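For reference, the structure is listed below as structure tokens.
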Amino acid sequence: MISYLKGSLLGVDGDQVQIEVQGIGYEVAVPSSLLQKLPATGQEVELYTHLHVREDLLQLYGFQTLQDRSLFRVLLKARGIGPKVALTIIDTFRGKDLASILERGEVEPLMKVPGVGKKTASRLILELKGKLPAPMLPQQDVAKDFGDPVFDEVAQALLSLGYSRQEAVGVLQKLQPDTPDGASVGEVLRLSLRELGKRV
181 MISYLKGSLL
191 GVDGDQVQIE
201 VQGIGYEVAV
211 PSSLLQKLPA
221 TGQEVELYTH
231 LHVREDLLQL
241 YGFQTLQDRS
251 LFRVLLKARG
261 IGPKVALTII
271 DTFRGKDLAS
281 ILERGEVEPL
291 MKVPGVGKKT
301 ASRLILELKG
311 KLPAPMLPQQ
321 DVAKDFGDPV
331 FDEVAQALLS
341 LGYSRQEAVG
351 VLQKLQPDTP
361 DGASVGEVLR
371 LSLRELGKRV
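The opening residue of the sequence shown carries number 181 in my numbering; numbering runs sequentially from there.
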């Protein structure tokens, strides 16, 4: 898995950039908004990457931030959303704006994205509501008050590790009734991660 590239920018071809890393040239597709932020040819560039595998193609996609890459990966999990449409969505909405649209169930704004019709927009809302990376979710939806500071802290820890709010709340609601009083944050976090591992 190629997760990160740091090298010299060789050039740009359409929506793809060529980067040389220690004598090897990589071709990376990027959001169009990123093209405007690239340094001059020959300068150093850094990208967080995702390797998309199809039967007939291996394609690298690159992003300026880990948050954009996380959003891209979440979008790909929705039925009917391929890499090209996912990039267009990232170009159209900031992460928190997209999260708010999904939380409110608004179809119309999503339909402004080329390649997204009413059926696809509705599916995006159904499948991705509450599942975007934690920093993008509306603040009131990120925290879950369990009435126990240990569980509240573990919930935030799970969110920071990349689990969705739904996953964090679900596993902690399951564990809370059987967890002994006085359990530490570390103990509850280990139990949570063990339980989440069983679901993979």
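Built from N, CA and C at the ideal position, the CB exists for glycine as well.
Predicted model, so just to flag it, every value in this text is computed and none were measured.
query	result
Proximal residues to residue 248 (C-beta, below 8 Å), its chain only, five neighbours per side dropped	211, 228, 270 and 275
Residue from 347, 296, 285 and 215 whose Cα sits closest to the Cα of residue 311	347
Anticipated Cβ contact below 8 Å, residue 240 with residue 265, distance rounded	That belief does not hold up - the Cβ atoms of residue 240 and residue 265 are roughly 18 Å apart, past 8 Å.
Buried versus exposed, by CB contacts within 10 Å (16 or more), residue 221	exposed
Beta-carbon proximity check, residue 201 vs residue 185, cutoff 7 Å	yes
Same chain, Cβ closer than 8 Å to residue 259, five either side skipped, listed in chain order	303 and 307
Span separating the alpha-carbon of residue 238 from that of residue 231	7 Å
Given residue 351 as reference, the closest of 183, 253 and 338 once Cα atoms are compared	338
Cα-Cα separation, residue 328 to residue 191	54 Å
Start-to-end residues for the beta strand (DSSP E) that takes in residue 231	224-234
Outcome for residue 293 when other beta-carbon atoms lying within 10 angstroms are tallied against a minimum of 16	buried
Cβ-Cβ distance between residue 278 and residue 305 below 7 Å	no
Nonlocal neighbours in the same chain, by C-beta distance under 8 Å from residue 309, ignoring five residues either side	282, 283 and 285
Counted within 10 angstroms of its Cβ, other Cβ atoms place residue 372 as buried (16 or more) or exposed	buried
Best match in 195, 206, 182 and 181 for proximity to residue 188 [C-alpha to C-alpha]	206
Distance CB(residue 244)-CB(residue 214) smaller than 7 Å	yes
Residue 188 - DSSP class collapsed to helix/strand/coil	strand
Secondary structure of residue 200, DSSP reduced to three states	strand
Per-residue DSSP class, three states only, for residue 374	helix
Residue 182, buried or exposed, once every other Cβ within 10 Å from all chains shown has been counted against 16	exposed
Cut-off 7 Å between Cβ atoms - residues of its own chain near residue 365, not counting five sequence neighbours on either side	330, 333 and 334
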